[in-house]
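Take a look at the structure set out below.
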Amino acid sequence: MIIHGETILPGQSRTINMEIARLHTMTKLKIPVIIERSKVDGPVVLFSAGIHGDEINGVEIVRQIIVRKINKPKTGTIICIPVVNIFGFVNQKREFPDGRDLNRVFPGSRNGSLASRFAWHILNEIMPHVDYCIDFHAGGAARFNAPQIRVEPDNKKLKDLSDVFNAPFTLFSKNIAGSFRNACGKLGVTMLLYEGGKSLDLNNEVTQEGVQGAKRVLQHLGMLNIRKNAKAPERPPIYIEDSAWVRARHSGMFQNRIHAGQFVTKGEVIAIITDPFGKFEQKVKAPNSGYIINSNDASIVYQGDAIFHITQRLS
Numbered sequence: 000m001i002i003h004g005e006t007i008l009p010g011q012s013r014t015i016n017m018e019i020a021r022l023h024t025m026t027k028l029k030i031p032v033i034i035e036r037s038k039v040d041g042p043v044v045l046f047s048a049g050i051h052g053d054e055i056n057g058v059e060i061v062r063q064i065i066v067r068k069i070n071k072p073k074t075g076t077i078i079c080i081p082v083v084n085i086f087g088f089v090n091q092k093r094e095f096p097d098g099r100d101l102n103r104v105f106p107g108s109r110n111g112s113l114a115s116r117f118a119w120h121i122l123n124e125i126m127p128h129v130d131y132c133i134d135f136h137a138g139g140a141a142r143f144n145a146p147q148i149r150v151e152p153d154n155k156k157l158k159d160l161s162d163v164f165n166a167p168f169t170l171f172s173k174n175i176a177g178s179f180r181n182a183c184g185k186l187g188v189t190m191l192l193y194e195g196g197k198s199l200d201l202n203n204e205v206t207q208e209g210v211q212g213a214k215r216v217l218q219h220l221g222m223l224n225i226r227k228n229a230k231a232p233e234r235p236p237i238y239i240e241d242s243a244w245v246r247a248r249h250s251g252m253f254q255n256r257i258h259a260g261q262f263v264t265k266g267e268v269i270a271i272i273t274d275p276f277g278k279f280e281q282k283v284k285a286p287n288s289g290y291i292i293n294s295n296d297a298s299i300v301y302q303g304d305a306i307f308h309i310t311q312r313l314s
């Protein structure tokens, strides 16, 4: 296996520091790619996080996979990239310094924008070796995602692997042009996208769901060390075929009455929006019965802001 010009042989453990660009101060900024290879041949699995630099819960999941030595495979190879968008992570920003969203520029270009160059190197240096990928994300703009796996509809292989991961929710959603998930699909890489928590926040429940799901996948592939067996699922995932956003009808102070993952009934009051001066209070009611899979944790919202993501059709 050759990554970024360095050879990793079976049985070796290596950390490759990919330096694609420096800070404007000329300070070196490298992406650690942590590779653990078994002496026994097998699948290659990538755990990645931090494509959006402010989604640190995913970074924590991959960190725990490394610290707990879950990334030491019984067979095959495990690659961990805890922070892909190292520039955004340093600045605690979602985007690259060029203002681009890395998750919208794949497959990228070797001579393009900074974000585009990163996408190109990831896709050309690392992904040709990978059979399976789990990419960890979080909600943005103070919106908290219930732990969920997102997979392309009508793809049995992804559905089956999602069942193995066994997050509380599995959301069927089409691949978005320019996304890492879309690029992996075109390369034939079996990829699960995990969403959980919100930006610039750490949540232990979300973290443990991610870690246990990763362990179950490795165990399913025959790669998990026998001393680190995954916990058996406590319940089957809830499959979501359709969902919709509830948006604020008024600007004001936002008082959320429910949490992500909760089931609500049609007409139930799920939040209240008020003005600061005691002139009005607007009740936000559930438009239909379903699960809240994303909840806005902001204290102040504006008219039109997305405040809840609610399921409409389950399977």
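Under numbering that gives the first Met the number 0, read the sequence shown as residues 0 to 314, first letter to last. Ideal Cβ placement from N, Cα and C applies to all residues, glycine included. Since the model is a prediction, treat every value here as computed from it, not as a measurement.
Exercise for the section: Return yes when at least one heavy atom of the ligand SAH lies under 7 angstroms from the C-beta of residue 224, else no. Expected result: Looking at this structure, you won't find the ligand SAH or any other ligand, since it has none at all.
Practice task
Quick one: measure Cβ to Cβ for residue 135 and residue 122, integer angstroms, because I've assumed they're closer than 8 angstroms.
Solution key: Stepping through the sequence shown from its first residue, residue 135 is reached at position 136. Stepping through the sequence shown from its first residue, residue 122 is reached at position 123. The Cβ separation is near 18 angstroms, so there is no contact.
Problem - Option nearest residue 233 by Cα separation, candidates 173, 208, 225, 250 - result: Indexing the sequence shown from 1 puts residue 233 at position 234. Among 173, 208, 225, 250, the Cα nearest to that of residue 233 is on 208.
Problem - Same chain, Cβ closer than 8 angstroms to residue 124, five either side skipped, listed in chain order - result: Position 125 of the sequence shown holds residue 124. The beta carbon of residue 124 is closer than 8 angstroms to those of 2, 3, 17 in its chain, skipping five residues each way along the sequence.
Handout entry: Rounded separation between residue 211 and residue 278 - CA only
Key = On the sequence shown, position 212 is the one that residue 211 refers to. On the sequence shown, position 279 is the one that residue 278 refers to. It is roughly 48 angstroms from the alpha-carbon of residue 211 to the alpha-carbon of residue 278.
Problem - Any chain D beta carbon closer than 8 angstroms to residue 94 - result: Within the model displayed, chain D is absent; a lone protein chain is all it includes.
Handout entry: Proximity below 8 angstroms, CB of residue 191 to CB of residue 170
Key = Position 192 of the sequence shown holds residue 191. Position 171 of the sequence shown holds residue 170. Contact check for residue 191 against residue 170 fails: the beta carbons are separated by 8 angstroms or more.
Handout entry: 8 angstroms contact criterion, which residue 138 and residue 197 should meet: CB distance rounded
Key = Here residue 138 is taken as the residue at index 139 of the sequence shown, counted from 1. Here residue 197 is taken as the residue at index 198 of the sequence shown, counted from 1. Yes, they are in contact, since the Cβ atoms of residue 138 and residue 197 sit about 4 angstroms apart, within 8 angstroms.
Exercise for the section: Could you give the DSSP three-state label for residue 206: helix, strand or coil? Expected result: Here residue 206 refers to the residue found at position 207 when the sequence shown is read from its first residue. Helix, per DSSP.
Handout entry: Where the beta strand (DSSP E) containing residue 194 begins and where it ends
Key = Walking along the sequence shown from the start, residue 194 turns up at place 195. Unbroken beta strand (DSSP E) run through residue 194: 189-197.
Handout entry: Cα-Cα separation, residue 219 to residue 163
Key = Start at 1 with the first residue of the sequence shown, and residue 219 comes out as number 220. Start at 1 with the first residue of the sequence shown, and residue 163 comes out as number 164. Just so you know, the alpha carbons of residue 219 and residue 163 end up roughly 7 angstroms apart.
Practice task
Could you say which of 24, 58, 272, 12 lies nearest to residue 202 if we only look at CA atoms?
Solution key: On the sequence shown, residue 202 is found 203 positions in, with the first residue counted as 1. It is 58.
Handout entry: Contact the region 147-155 vs the region 167-185: 3+ CB pairs below 8 angstroms
Key = Yes: the two stretches touch, three or more of their Cβ pairs being nearer than 8 angstroms.
Exercise for the section: Keeping to the same chain, check which residues put their C-beta closer than 6 angstroms to that of residue 15; ignore five residues upstream and five downstream. Expected result: Residue 15 sits at position 16 when you count from the first residue of the sequence shown. Here the set comprises 2, 3, 5, 32.
Practice task
Out of 99, 229, 311, point me to the one whose CA is closest to residue 67's CA.
Solution key: One-based indexing of the sequence shown puts residue 67 at position 68. Nearest option by C-alpha distance: 229.
Problem - residue 232 - DSSP class collapsed to helix/strand/coil - result: Looking up residue 232 in the sequence shown gives position 233. Residue state, collapsed to three classes: coil.
Practice task
Note down the Cα distance separating residue 99 from residue 30, rounded to an integer number of angstroms.
Solution key: Here residue 99 refers to the residue found at position 100 when the sequence shown is read from its first residue. Here residue 30 refers to the residue found at position 31 when the sequence shown is read from its first residue. In this structure, the straight-line span from the alpha carbon of residue 99 to that of residue 30 is close to 18 angstroms.
Handout entry: Local Cβ density within 10 Å of residue 280, reported as buried at 16 or more and exposed below that
Key = Taking the first residue of the sequence shown as position 1, residue 280 is located at position 281. It counts as exposed.
Handout entry: Cβ separation of residue 141 and residue 274, assumed to be a contact under 8 angstroms, to the nearest whole Å
Key = In the sequence shown, the residue the question calls residue 141 occupies position 142. In the sequence shown, the residue the question calls residue 274 occupies position 275. Approximately 20 angstroms separates the beta-carbon atoms of residue 141 and residue 274; this is outside 8 angstroms, ruling out the contact.
Practice task
Identify whether residue 147 lies in helix, strand or coil by the three-state DSSP scheme.
Solution key: Within the sequence shown, the letter at position 148 stands for residue 147. In the three-state reduction of the DSSP assignment, residue 147 falls in the strand class.
Problem - Option in 52, 19, 245 with minimal Cα separation from residue 294 - result: As a first step, residue 294 is located in the sequence shown; it is residue number 295 there, counting from the start. Ranking 52, 19, 245 by Cα distance to residue 294 puts 245 first.
Handout entry: At least 3 beta-carbon pairs within less than 8 angstroms: the region 61-75 vs the region 83-90
Key = Fewer than three pairs of CB atoms, one per stretch, sit closer than 8 angstroms, so the region 61-75 makes no contact with the region 83-90.
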